[in-house]
Amino acid sequence: MKKIYLSPPHLTGKEAEYFEEVLKSGWIAPIGSCIDKFEQLILQKTKGKYALATNSGTSALHLALCCAAIQEGDYVLVSSFTFVASANPILYQKAIPIFIDSDEKSWNICPIALENALINCHQQQIFPKALIITHLYGQAADMDAIIKIKEKYNFILIEDAAEAVGTTWDKQHVGTFGEFGFFSFNGNKIITTSAGGMLLTKEEDNRKKALFLATQAKEDAPHYQHNEIGFNYRLSNILAAMGITQLDALEKRIKKKKKIFNTYQQKLDKKIALMPHLSKSKGNYWLSCVLFEDYTQKEKVRLALAQNNIETRPLWKPLHLQPLFSQYLYFGENIAEKLFEKGLCLPSGTQLTEKEQSLIIELIHQNL
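So this is what it looks like as structure tokens:
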């Protein structure tokens, strides 16, 4: 039986044409017109101020932390219910993460837990310098509440929109609310450059600083002069060409993903809950995620689907439960832990057929 993947890459058919043009030009390195065009197209889509194409979303986040002057001993608040790459760059900078729980209304960062963390930290003379929030599985976090808290406590806001290209909150694209935001174009994302990312920032100086650091911090000199640590974080021109073709298909992909989500919602047993959406969030429906009654039921379904060559994935294991981060502070009511125990990501690829989705639903019902 053909394997049904969770969220495989979907090529438009135009990539080869763009690749051929780039190869003929000879501009295959991390410089060239396709990079410039891809950055401008992202800005047009998001109405952002400045963009820098990078070789991954993780690189973009690391550059954001560098530009925000996060350094050894600084505290950074971060969602616990997310992929490890949302927090690893904090450790790159030798800073200290503080993990915040999710809420049941959105599965994204809980504003109540966030403010409780800030109150507690301030009482202990700990003043977090930045907050990294994740727009989980393509759905926006509660930006109204988060912006209010930001204005009250005065921290730098970094939006992890790695999973949320095309997602808006109250008609504003996620990734453009904070000082920094970033996207991922990894192979499993709604649009892909095979591997890649994009940093957004509101300040031109931050964009210049990020570009400088992303190109090995090479000083403006006739010889190779380096006064500080830099990185090899730029996206290649040939992969940017792929991004241009993929971006053309974004709205069509979102429409397909939403249809897949709606089909699960309509046809799955009502005891199975799908990821909720806040009213102001217009998501990209990257992954259709469900909650079962308990861990046992979730595992029974997961194993049954695996036996039928159907890939699923448990929801993110909260970072505060990971051995890597066990020593750090966590604030919340263990909502993320419950989501992890009961939750499963179902196949949501934009090439998923109706027949394949019907099979998935049938197998789920057979194993409840």
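Following this note's numbering, the residues of the sequence shown are numbered contiguously, the last one being 1431.
We put the CB at the ideal spot given by N, CA and C, even for glycine.
For residue j and residue i, believed in contact at Cβ under 8 Å, the rounded distance
i	j	result
Glu1396	Tyr1358	Actually they do not touch by this definition, with Cβ atoms about 18 Å apart.
Gly1238	Ala1224	4 Å
Ile1067	Glu1374	6 Å
Ile1091	Val1085	6 Å
Ile1398	Ser1088	The pair is not a contact, with the Cβ atoms about 51 Å apart (cut-off 8 Å).
Ala1158	Phe1243	The Cβ separation is near 15 Å, so there is no contact.
Which of helix, strand or coil DSSP assigns to residue i
i	result
Glu1400	helix
Tyr1358	helix
Asn1217	coil
Gln1235	strand
Ala1258	coil
Ser1421	helix
Ser1122	helix
Pro1410	coil
Cys1352	strand
Lys1281	strand
Pro1152	helix
Lys1345	strand
Leu1337	strand
Ser1247	strand
Val1085	helix
Which listed residue (the options) has its alpha carbon closest to that of residue i
i	options	result
Leu1341	Gln1370, Gln1188, Ile1172, Ser1096	Ile1172
Ile1105	Thr1145, Phe1245, Cys1352, Met1064	Phe1245
Ile1133	His1198, Pro1152, Lys1213	Pro1152
Glu1400	Phe1082, Ala1150, Ile1163	Ile1163
Leu1422	Ile1195, Thr1145, Asn1371, Ile1175	Asn1371
Glu1214	Leu1382, Cys1408, Leu1194	Leu1194
Gln1309	Met1064, Tyr1081, Lys1065	Tyr1081
Gln1156	Asp1166, Leu1124, Asn1179, Leu1115	Leu1124
Phe1218	Trp1232, Ile1196, Leu1378	Ile1196
Leu1302	Lys1211, Gln1414, Glu1083	Glu1083
Glu1267	Leu1154, Ile1427, Leu1115	Leu1115
Phe1248	Cys1097, Leu1431, Asn1118	Asn1118
Leu1407	Thr1413, Gln1414, Arg1376	Arg1376
Pro1072	Trp1379, Thr1255, Glu1417	Thr1255
Asp1205	Ser1411, Pro1174, Gln1188, Lys1271	Pro1174
Proximity of residue i and residue j at Cβ, strictly below 8 Å
i	j	result
Ile1221	Gly1250	no
Ile1307	Lys1100	yes
Ala1227	Ala1208	no
Leu1331	Cys1352	no
Ala1126	Leu1276	Per the sequence shown, the amino acid found at residue 1126 is Leu instead of Ala. In contact: Leu1126 and Leu1276 (Cβ atoms closer than 8 Å).
Tyr1216	Leu1350	no
Val1147	Gln1385	yes
Gln1420	Thr1326	yes
Asn1179	Phe1394	yes
Phe1190	Pro1381	no
Ile1210	Leu1177	no
Ser1411	Lys1322	no
Worksheet item: How about the stretch 1077 to 1084 and the stretch 1274 to 1284: do they share at least three Cβ pairs that are nearer than 8 Å?
Response: no
Worksheet item: Can we say the stretch 1329 to 1345 touches the stretch 1305 to 1316, given the rule of at least three CB pairs closer than 8 Å?
Response: no
Worksheet item: Given 8 Å as the limit, is there contact between the stretch 1261 to 1275 and the stretch 1096 to 1116, that is, 3 or more CB pairs closer than that?
Response: yes
Worksheet item: Between the stretch 1135 to 1143 and the stretch 1174 to 1192, do at least 3 Cβ pairs fall closer than 8 Å?
Response: With three or more CB-CB distances shorter than 8 Å, the stretch 1135 to 1143 counts as touching the stretch 1174 to 1192.
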